[in-house]
Structures are given as structure tokens and as C-alpha cells.
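Engineer: Take 30 as the starting number for the sequence shown in our numbering and just add one per residue.
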Amino acid sequence: MGAPPPSFAQSEFETIIRRQRNNQPHTLKIPNIPSRFPNLDNLWEFAGWGSTSYVELTAQDMELASVRLAEKPVLLEALRASSIAGNGMYGSVFYAFPAVAAAAGIFSPLALLIACLILFLFRPILRELGSAIRMNGAIYSYLLQCSGKTMALVGAAAIFLDSVATASVSAATASAYLSGEFDGALYGMKEAAVALGILALLAVVGLFNLRGSSILAASFTVVHLTTMAILMIASVVAWARHGSHTLRENWELRPHNGSEVAKAIFYGTCLAFLGVTGFETLPTYIENIKPSSYPRTLDVCIYTVLALNAPLMLLVYALLPTSDILSGGNILSLLAEQVGGKWLRILVVVDCMLVIGGGGVLLGMVAMSSMLQRLAKDRVIPSAFLRTLPTGGAHWSILFFLFVAVVLYASSGFNLATISSVFAVTFPSVLLLYSVSNILLKFDRDRLPRDYQARLSVTVVAFIAMVVVLAGNIIPTPKILGLFLAYFVVVLACLVGLRSRVKLARIAMWLYDQNSTLQKWRWTKGWDSSIVRWMANLRKRPVCVWVKGDDIYNLVEGILYVRRNEMTSRVILLHAYEKVDEIPTEMEANVKILDEAFPGITIDLIFLKSKFNPILVEAASAKLEVPKSQMFMNTMGASHGFSLSDYGGVRVANL
């Protein structure tokens with residue numbers, strides 16, 4: 030038999046003694062256990078004791094916070110918002126058609142139609158995610174809010190690779206198209222040099238006018254859709270004039286075996302997803318889109334590509350023999366010359382340079398820049414990526430984008446087919462992660478307010494569809510999985526390494542502490558102090574956790590979430606109250622217990638007299654000098670009256 034439980038009197042006595050314990054705020058709290066680093070100062074491992082305080086927010090503080098929240102940036106309407114992603118979607122006809130034609134043959138229009146229709150599965154998914162979590166960063170932000178930073182970095186790596194692949198494939202395709210018009214020689218320049226020049230030129234444009242990127246993208250879209258309308262009208266007229274004998278001849282070349290037909294349609298549909306790339310980037314800049322325009326933006330993208338891809342491919346097979354279609358990559362320029370003459374061919378080539386060489390690269394740059402700035406706000410990467418030029422260009426983000434795009438293109442041997450094969454895996458992978466995010470949102474964050482909900486059955490079907498598409502792209506050429514994983518693992522390892530800088534510093538310190546030679550050698554002597562200072566600098570910035578009650582389980586969960594996901598040695602617990610007698614009675618005592626239980630973290634408790642709402646959070650962020658991206662809260666219910674986006678980047682830590 031074990032010892033009997035303490036009596037009520039004993040429990041009350043122990044509680045009184047604990048409350049009377051007076052630890053000096055911010056002096057080191059050192060537990061009675063041996064240190065792993067006996068040769069170092071205790072500052073290395075232990076933080077100071079926390080404190081309790083009341084912070085007064087004046088009427089002026091609250092008014093200024095209200096003014097800042099009322100200052101809304103100019104948001105994009107559906108047309109301009111869709112044009113950024115649309116350039117990738119609508120312009121993909123230039124690089125998707127040859128690949129789809131090689132796989133599906135005469136069934137290419139059907140394959141493209143099926144791929145476009147599958148996008149309707151993701152419309153409700155993206156709409157629900159955007160309604161519940163209206164934050165730039167796409168699947169990174171969604172997974173961050175629904176799970177944690179480790180899973181979110183998987184999404185960040187996927188978006189990262191997708192954005193760079195979009196830009197690299199677009200630049201390489203535009204170069205190849207232009208080269209094809211000059212019989213492979215551009216005044217002595219190679220295709221790779223032209224592609225690199227396109228990437229550099231768009232990076233310069235981004236540095237000087239990223240704020241106007243939506244206007245530039247809209248211009249490219251108008252030119253492209255006008256050109257495609259002219260091409261399709263001319264093709265319909267030519268088809269009516271010459272009849273359907275070319276289409277019948279192409280039809281006779283089809284496979285006659287049922288299994289071969291099914292295989293052609295299946296693999297063609299999987300590759301046809303190259304024809305809708307760009308759709309996945311819409312959530313990367315959702316904060317710049319009017320909330321009421323977001324559903325229409327999704328519709329504009331889907332219906333436009335639905336009206337363009339399959340009908341245009343049908344016209345190709347109605348007017349060009351299969352031998353010409355499979356002979357090279359410039360399918361649309363061949364069609365243009367046949368139905369309209371040299372002038373139309375030149376117009377199509379110029380259009381390709383604008384919508385793919387310009388709009389496609391711009392799309393990748395915007396998506397990448399938004400992703401990097403989101404990561405910088407969450408302290409995954411250095412804050413330098415948040416700096417901007419007076420023109421609005423995030424110069425470090427854009428220059429880093431250019432560097433990575435060049436490295437990716439060069440590592441593929443400047444080969445368009447190689448880099449396109451990687452793209453064929455990244456795009457459905459991103460859509461797959463949207464399905465995963467939506468499932469996690471429904472399971473772990475079901476209480477988050479939202480205006481729209483997708484049916485779970487639709488999400489599951491979308492998930493299965495992307496698994497099938499991935500399999501269909503990998504099975505014919507398994508080596509592309511190895512290429513994708515090689516790039517993906519490198520990107521993910523870099524992000525995880527940046528996120529784990531404190532852990533890496535501890536490993537470096539342990540290795541240094543175990544090696545007496547390094548401690549004595551004059552070139553490495555004193556490295557321990559440098560590492561300690563570096564780690565202290567990484568962990569010095571505090572994070573805030575908004576708490577409602579004194580339930581110790583929820584308090585512990587909040588601290589554990591921060592410890593798992595953030596590099597900090599100080600956590601500030603914030604409690605908003607309207608009347609003093611409404612403050613939970615055990616909150617201060619329980620926070621003192623937590624402060625003692627986590628010797629590596631200083632846990633402060635601050636009381637703020639106000640009703641909890643976005644204005645209070647904005648005022649507290651300014652008063653405490655803690656960005657809202659470093660504030661955490663529990664999931665609010667549907668009756669709360671505000672959505673998560675109203676809090677401007679505050680993260681959800683618990684159910």
C-alpha cells in the first residue's frame with residue numbers, strides 16, 4: 030500500500046508556502062541537477078525567474094491601435110488577382126501541349142479537359158482554408174496554424190520548390206520557343222543564356238516595381254488571352270474552310286486496343302496538370318486579395334483555363350498532322366502560321382515571351398517573395414528578408430529567388446525536359462498538401478470561424494486524385510521522383526537547419542566542450558563564448574501567449590507548444606480582464622509553478638485591463654514590442670465575433 034493522500038489542511042499549507050516563495054525576477058533559476066556543460070557559465074542553460082505585472086494601456090494606445098487596424102492596403106479585385114496566377118495557368122499551353130500530345134495523342138483534348146475539371150475539387154478546399162486562415166504563405170501558413178512548425182516547413186519547402194520551378198520552366202520554355210523560331214540559334218546565343226537573361230531581367234523589374242506587379246501581370250494576361258482568342262477564331266475559320274480530313278487522319282493513328290486507349294488518357298491527364306500550374310499559388314498572396322473577391326478569383330482562373338486548354342488542343346489536332354505536332358515544342362506557332370500566316374506566328378511568339386517569359390517568371394517571384402517574408406516574420410529565416418527598397422521591392426527575397434532559380438536550372442544541366450519533370454511532381458504535391466491542410470483544419474481547428482466549409486468527402490476525393498496523378502507522372506519515368514526528392518530534401522534540410530539553429534549551437538558547444546585541443550588552440554580558443562552569445566541573441570526575443578483561464582493543463586500546453594516551435598528564452602503570458610474580481614484566482618500561483626518547471630524559459634505574467642479583441646492585441650503588440658506573428662492564442666469559437674485574420678497574424682496554439 031502506498032502512502033495515503035495528503036489531507037486538505039496539508040494541501041492548503043503547501044499551497045500557502047509555494048505562494049510565499051519569493052524568487053527574484055530575472056535572476057537565474059538553477060535546478061539541483063548537474064549541467065551537461067560544467068565548464069560554462071550557467072547563463073548558457075538557464076533563464077531568469079519570471080515576474081507578474083499589470084500593464085496599463087491608455088486611451089491613446091487603444092486609439093492608435095484602432096487607427097492602424099483601419100489602415101487597409103489597396104486590395105486586388107478578381108481580375109487583377111487572377112492575372113498573377115493566371116499567367117502561369119493560361120500560359121502553360123506553350124509547355125504543356127507538347128508533353129500531353131506525346132502521352133495522349135488524339136486524346137489530348139480529353140486529357141486536358143479532365144485535368145481542368147479536377148480543379149473544381151480544390152475550389153471548395155482553397156475557399157474554406159482561405160476563409161478560416163487568411164494569411165499569405167499558402168500551405169505553410171495553413172499547416173502552421175493547424176499543426177506546428179515542423180509540418181509547416183514541409184509545406185514551405187514544397188511551395189519554395191514549386192515557385193522556383195515555375196520561374197525556371199517558364200524562362201526555359203520562352204527561350205526554347207524563341208530559339209525554335211531561329212532554327213536553334215539566337216544570334217549566336219544559347220538557349221540557356223537567354224533563359225538566364227529572362228530571369229535576371231524580371232528580377233530587376235521586381236526590384237524596381239514589385240508593387241505594380243499585378244498591373245504588369247494583368248497586362249500580360251490581356252495580351253495573351255487576346256492573342257489566343259485571335260488564334261482560336263482563325264483556327265475555327267480554317268477548320269470550317271478545309272474540313273475535318275486532318276482530324277480524321279489523326280484519329281486513325283489512335284491506339285485501337287482498349288487498354289492502350291485508357292493508358293493514353295490516364296498518363297495524358299496526369300501530364301495535363303502541367304496545363305493548370307499557377308492555380309496553387311493563389312493562396313500565397315491571399316492577404317492582397319479582397320475577401321469578397323477570392324471565390325470569384327478562383328472561378329475566373331478555373332473557367333478561363335477550362336475554356337482555353339481543351340478547345341485549343343482540339344483545334345491543333347483538327348488542323349495539324351500528328352507528325353508536325355510531335356516534331357517539336359512550338360506547336361502553337363505552327364498552328365498560327367498555318368491559319369493566319371507569318372504575322373500571326375510572330376504574334377504568338379511575342380505572346381509566349383510575354384506571358385511565359387514575363388508573367389510565368391513574375392508569378393514564381395511573387396509567390397517566392399511572399400513565402401520568404403512569411404518565414405522571416407515567423408523567425409525561421411533572418412529578418413533581412415523583410416527589408417524592402419523604397420520602390421517596394423523586397424530586394425533580399427528577390428535576389429535570393431534569382432540565385433536559387435539559376436542554381437536549379439544549372440543543376441538540371443540547363444535541360445528543359447529535366448526541370449519540367451521536377452515541376453510535374455511539385456505541382457500535384459502542393460495540391461496534395463492543400464488537401465492535408467483542409468483535413469487537419471477540420472480535425473484540429475474545427476472551431477475556427479469561417480464563412481464556408483468544404484465537404485469532407487470532396488477533400489478526400491481530391492487527396493486521392495492527387496495521389497493518382499503523382500503515381501501517373503512517376504511510373505513512366507521513375508527517375509523524376511529521385512530528382513524531386515533530391516531538390517526537396519535539400520530545401521527542407523536548409524529550412525529545418527535554420528529553424529533549429531539553437532539545437533545546432535548546443536551540438537556545436539557539446540563537441541567543443543568534449544575536445545580539449547579546440548579549447549587550447551589559439552585559432553579556436555574562445556569559440557564557446559561566441560556560441561553562447563550567438564545562442565543568447567537567437568533566444569532573446571520574447572513571444573506572447575494569450576491565456577483566458579488558470580487551468581494548469583492549458584497553461585502547460587501553451588508553454589510546450591512554444592518550446593517545440595520557437596527559439597526563445599522568454600514567454601510572456603497575457604491575460605485580458607475587464608474587472609479585477611474576474612481574474613482567475615489561481616492564475617498567478619500556477620504561472621509560478623510553470624516558471625519553476627521550465628528552467629530554460631523565463632515565464633512572465635502580464636495583466637491587461639480591456640476586453641480581448643483585435644484592437645487590444647494590436648495595442649499590446651506595440652506596447653510590448655512583440656510582433657503579432659509571435660503571439661499565440663487558443664482557438665476562438667464561432668460566437669467570438671472576429672475571425673483569425675482580424676488578429677493580423679496571431680497563431681493558434683491549442684484547440
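Built from N, CA and C at the ideal position, the CB exists for glycine as well. All values derive from a computational prediction rather than experimental measurement.
So, for E586: in the same chain, excluding its five sequence neighbours on each side, which residues have a beta-carbon less than 6 Å away from its beta-carbon?
Structural biologist: Counting only Cβ-Cβ distances below 6 Å, and skipping sequence neighbours, we find N683.
Engineer: At which residues does the beta strand (DSSP E) containing M660 begin and terminate?
Structural biologist: M660 -> beta strand (DSSP E) spans 660–663.
Engineer: One question on the structure: do L337 and L524 come within less than 9 Å of each other, judged by their Cβ atoms?
Structural biologist: No, the Cβ-Cβ distance between L337 and L524 is not below 9 Å.
Engineer: Secondary structure at T87, three-state DSSP: helix, strand or coil?
Structural biologist: Correct three-state label for T87: coil.
Engineer: Roughly how many angstroms separate the alpha carbons of R528 and G370, rounded to a whole number?
Structural biologist: Roughly 57 Å separates the two Cα atoms.
Engineer: Given a cut-off of 9 Å, decide if L303 and F517 are closer than it, judged by their beta-carbon atoms.
Structural biologist: No. Outside cutoff.
Engineer: Quick check: A686 and C299, are their CB atoms within less than 9 Å of each other?
Structural biologist: The chain is shown from 30 up to 684; residue 686 falls before or after that span and cannot be answered.
Engineer: State the beta-bridge partners of V574 as determined by DSSP.
Structural biologist: V574 pairs with L602, F661.
Engineer: Pick from Y346, S273, M257: whose alpha carbon is nearest that of T333?
Structural biologist: Residue M257 is the option with its Cα nearest to T333.
Engineer: Can you name the residues that DSSP bridges to K638?
Structural biologist: K638 is bridged to Y606.
Engineer: Can you tell me where the beta strand (DSSP E) holding N683 begins and where it ends?
Structural biologist: Looking at the DSSP string, the run of the beta strand (DSSP E) that includes N683 is 680–683.
Engineer: In the structure shown, what three-state DSSP assignment does D580 receive?
Structural biologist: It is coil, neither helix nor strand.
Engineer: Under 8 Å Cβ to Cβ from I509, same chain only, skipping five residues before and after it: list those, please.
Structural biologist: The answer, listed in chain order, is S450, V451, A453, V454, N502, I503.
Engineer: Taking the alpha carbon of A114 as the reference point, which residue from G393, L584, G526, T553 has its own alpha carbon closest?
Structural biologist: Closest option to A114, Cα to Cα, is G393.
Engineer: For the alpha helix (DSSP H) containing V655, list its first residue and its last residue.
Structural biologist: Per DSSP, V655 belongs to no alpha helix (DSSP H) and is neither H nor E.
Engineer: Which residues bound the alpha helix (DSSP H) around A167?
Structural biologist: Where A167 is concerned, there is no enclosing alpha helix (DSSP H), given that its DSSP letter is neither H nor E.
Engineer: Quick one: using the 10 Å Cβ neighbour count with 16 as the cut-off for buried, is E157 buried or exposed?
Structural biologist: It is buried - the Cβ of E157 has at least 16 other Cβ atoms within 10 Å.
Engineer: How about V129 and M342: are their beta carbons less than 9 Å apart?
Structural biologist: Yes. Within cutoff.
Engineer: Can you tell me whether I630 is helix, strand or coil according to DSSP?
Structural biologist: Three-state DSSP puts I630 in coil, outside helix and strand.
Engineer: In the DSSP assignment, what are the bridge partners of T256?
Structural biologist: According to DSSP, T256 bridges with nothing at all.
Engineer: Classify T417 as helix, strand or coil using the three-state DSSP reduction.
Structural biologist: DSSP places T417 in coil when its eight states are reduced to three.
Engineer: Please work out which residues of its chain come closer than 6 Å, Cβ to Cβ, to K532, disregarding the five sequence neighbours upstream and downstream, and give them in chain order.
Structural biologist: Hits under 6 Å: none found.
Engineer: Where do the N-terminal and C-terminal ends of the alpha helix (DSSP H) with G511 fall, by residue?
Structural biologist: Counting along the chain, the alpha helix (DSSP H) containing G511 begins and ends at 508–528.
Engineer: If you count every other CB in all the chains shown that lies within 10 Å of the CB of R551, and 16 or more means buried, which is it?
Structural biologist: Burial call: exposed.
Engineer: Suppose the cutoff is 7 Å on Cβ atoms and the five residues either side in sequence are ignored; what does the same chain contact list for W425 look like?
Structural biologist: Contacts found: A413, F414, R416.
Engineer: Here's a check: name, in chain order, each residue in its chain whose Cβ is nearer than 6 Å to the Cβ of A626, leaving out the five neighbours to either side.
Structural biologist: Result list for A626: empty, nothing under 6 Å.
Engineer: Within the same chain, show all residues whose beta-carbon is closer than 7 Å to that of G217, passing over the 5 residues directly before and after it, in chain order.
Structural biologist: A caution first: G217 carries a pLDDT of 46, below 50, which makes its placement in the model too unreliable to give a value.
Engineer: In its own chain, which residues sit with a C-beta less than 7 Å from the C-beta of P419, not counting the 5 before and 5 after it?
Structural biologist: Within the same chain, P419 has no close Cβ partners at all.
Engineer: Given this structure, state the Cα-to-Cα distance separating A534 from I227, to the nearest angstrom.
Structural biologist: Rounded to the nearest angstrom, the two C-alpha atoms are 40 Å apart.
Engineer: Would you mind listing the alpha helix (DSSP H) stretches within the region 269–316 that are 4+ residues and don't spill past its ends, in chain order?
Structural biologist: Counting only runs of 4 or more, we get 274–281, 287–301.
Engineer: According to DSSP, is G77 helix, strand or coil?
Structural biologist: Looking at G77 - three-state DSSP - the assignment turns out to be strand.
Engineer: Which class does I318 belong to by DSSP, given the choice of helix, strand or coil?
Structural biologist: In this structure, I318 counts as strand in the three-state DSSP scheme.
Engineer: Does DSSP put L105 in a helix, in a strand, or in coil?
Structural biologist: It is a strand residue.
Engineer: I'd like to know whether the C-beta atoms of V572 and Q659 end up nearer to each other than 9 Å.
Structural biologist: Result yes, Cβ atoms of V572 and Q659 sit closer than 9 Å.
Engineer: Compute the beta-carbon to beta-carbon distance between W268 and L348, rounded to the nearest angstrom, for a pair I have assumed lies under 8 Å.
Structural biologist: Yes, they are in contact, since the Cβ atoms of W268 and L348 sit about 6 Å apart, within 8 Å.
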